[in-house]
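Q:
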Amino acid sequence: MVTITLANYEDAYLSFDIQEEWAKIHNGENRIPFVGLFASWDFAEKNSRLLKKINEYYQKGIEWVHANPEEAAGLAAEYFGQPAPVIQASFQRINLNYYPAGEAYQLIELYFNEIMKIYPEMIGGSLPDELFYFQDQ
191 MVTITLANYE DAYLSFDIQE EWAKIHNGEN RIPFVGLFAS WDFAEKNSRL LKKINEYYQK
251 GIEWVHANPE EAAGLAAEYF GQPAPVIQAS FQRINLNYYP AGEAYQLIEL YFNEIMKIYP
311 EMIGGSLPDE LFYFQDQ
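Residue 327, in the working numbering, is where the sequence shown stops; the numbers in between run on with no holes.
Listed below in structure tokens is the structure:
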């Protein structure tokens, strides 16, 4: 959305970078968890091998996008109906990465603790327990 707006309106600008602002209050940590893969407990128990495979392909996909941004943007353009150059430009802003469970846990806990300070109802009023997090074993 941001990249499309910036591309279409010459007077549009970024008033601030949320990752920079996040880093200012979190000792330089600018990674904000904004996407995750979720499954019900029942599904995860019955399909742990499938979840491992999904995680594996997700990680490989991210690595491929980083290594082939022009080709990735071309493919995305077919499905998202946006010009490939706009999509490719957005790759610089979206911070698309894969984090192993332990690292992801720390990032998510940091994020959820901030939510708990301002709007705890958003996450059910309490931090999730360890069953919330998939452990790739």
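Positions of the beta carbon are idealized from the N, C-alpha and C atoms, including for glycine. Just so we're clear, the structure is a prediction, and the values are computed from it rather than from any experiment.
#1: What's the gap between the Cα of Val276 and the Cα of Ile194?
#2: May I ask which residues mark the beginning and end of the alpha helix (DSSP H) holding Phe281?
#3: Since Leu297 is in the alpha helix (DSSP H), which residue starts that stretch and which ends it?
#4: Going by Cα to Cα distance, which pick from Phe270, Ser280, Phe233 and Lys250 is closest to Pro290?
#5: Which residue from Asn198, Ile308 and Ile222 puts its Cα closest to that of Tyr288?
A: So, to answer that:
#1: Distance from the CA atom of Val276 to the CA atom of Ile194, rounded to whole angstroms, is 6 Å.
#2: Counting along the chain, the alpha helix (DSSP H) containing Phe281 begins and ends at Ala274 to Ile284.
#3: Secondary structure note for Leu297: its alpha helix (DSSP H) is the uninterrupted segment Ala291 to Ile308.
#4: Of the candidates Phe270, Ser280, Phe233 and Lys250, the residue whose Cα lies closest to the Cα of Pro290 is Lys250.
#5: Answer by Cα proximity: Ile222.
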